[in-house]
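All the letters of the sequence shown, read from the start, carry residue numbers 39 to 292 under our numbering.
Think of the CB as a built atom: it goes at the ideal place given N, C-alpha and C, for glycine as much as any other residue.
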Amino acid sequence: MKTLERFSGLLLKSALSVVMAFTVLPGTTVAGNLDQGLSDPPVINPKRFGSDVSAFYLGTTGLYALGGDERFGLNTPSGTSEVGELDLSGTLGGLRAGWRGVLPAKGGRDYVYGFELGYEFGSLDDTATGQVDGNAVSGGSKVSNVFSIRLRNGLTNRSGTVLYYVSAGYVNGDIETTSQQATRSAIQSFEDSGRRSGFSASIGAEHNLTEHWSITGEYEYVQFSAEDVRFDNGTSTRSTPKYHGLKIGLNYRF
């Protein structure tokens, strides 16, 4: 009887040993196969703005103007009459070049500062119509060929891949002011054009896509200096062109 019990105990221990061996060995084999058969895909992380102490960049932009709320009035010998409201609208395409420097800031962020030169082509315009002294009158304003110099500064997020910035600067563009005035005998057309200076302000964000490429999006406000425009028939108007809009862009950093 004792011999049978000893034999049963040895048999049980052998069975447990075999089970333990099969439990450990397959796991080891599978783990080894996983390590040999699978590899992590390469990951390309966007470059931090702070990776370069300074950098030059080139870019392209596109702006959609939402309006400017400029009032067109006509001064005549009998007084001043309001013709209507001008909301400059349209699109501008642009090219830009800039430089920026980076300083470390608190919380793992970076302070980014710099300047930017830009040129925008295309035109923004609008026309208003009304009545002056019982005669039909229309007035128009047009903005085109805008050059700019902007100062820009902002802070990155903690990962250093997104820059939140504000900018302000000087602008200079072609401003054209027109008027059509109906009389009893004919319709007279007048035009005045020239370069005019102004200022711009914007707020936006820039997101790094790769080591060199980034995209931008911003809200911008532009206002040119006000001038009294005199037409050949003795009438005049106060021209105050301005607009605001949404701008997107693509930059390449060297």
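Boundaries of the beta strand (DSSP E) in which residue i is found, first to last residue
i, result
"V267", "E265 to R268"
"N246", "I225 to N246"
"D171", "Run containing D171: none; DSSP gives neither H nor E here."
"L124", "G117 to L124"
"V260", "W251 to F262"
For residue i, the three-state DSSP class (helix, strand or coil)
i, result
"L96", "strand"
"G146", "helix"
"F292", "coil"
"G105", "strand"
"G272", "coil"
"G198", "coil"
Buried versus exposed, by CB contacts within 10 Å (16 or more), residue i
i, result
"A143", "exposed"
"T254", "buried"
"Q219", "buried"
"S252", "buried"
"T221", "exposed"
"N173", "exposed"
"G131", "exposed"
"Y203", "buried"
"V324", "Outside the modelled stretch of the chain, which goes from 39 to 292, sits residue 324, for which no answer is possible."
"G192", "buried"
"R138", "buried"
Whole-angstrom distance between residue j and residue i, CA atom to CA atom
i, j, result
"R147", "G97", "24 angstroms"
"D171", "V260", "34 angstroms"
"Y208", "I241", "15 angstroms"
"S186", "E123", "26 angstroms"
"S119", "F153", "43 angstroms"
"E108", "A224", "28 angstroms"
"F110", "H282", "18 angstroms"
"N195", "P84", "13 angstroms"
Beta-carbon proximity list for residue i, same chain, < 6 angstroms, skipping 5 on both sides
i, result
"R86", "G198"
"I286", "G100 and G255"
"S227", "Q218"
Close beta carbons around residue i, own chain, < 7 angstroms, minus the five adjacent residues each side
i, result
"N183", "F159, G211 and D212"
"G128", "A103, G160, S161, L162 and D163"
"N113", "T273, S274 and T275"
"A59", "With a pLDDT of only 39 at A59, under the threshold of 50, the placement of this residue in the model should not be trusted; the figure read from the coordinates follows. For A59, where only same-chain residues beyond five positions count, there are no Cβ hits under 7 angstroms."
"D270", "F228"
"G236", "V209, V260, Q261, F262 and S263"
Nonlocal neighbours in the same chain, by C-beta distance under 8 angstroms from residue i, ignoring five residues either side
i, result
"V267", "T215, D230, S274, T275, R276 and S277"
"L63", "With a pLDDT of only 38 at L63, under the threshold of 50, the placement of this residue in the model should not be trusted; the figure read from the coordinates follows. Excluding positions up to five away in sequence, the list is empty."
Check: residue i C-beta below 7 angstroms from any heavy atom of the ligand GTP
i, result
"N113", "In terms of ligand content, the structure shown is empty, and the ligand GTP therefore cannot be addressed."
Interface flag, residue i vs chain D, CB-CB below 8 angstroms
i, result
"S235", "Protein chain content of the structure displayed is limited to a single chain, and chain D is not contained in it."
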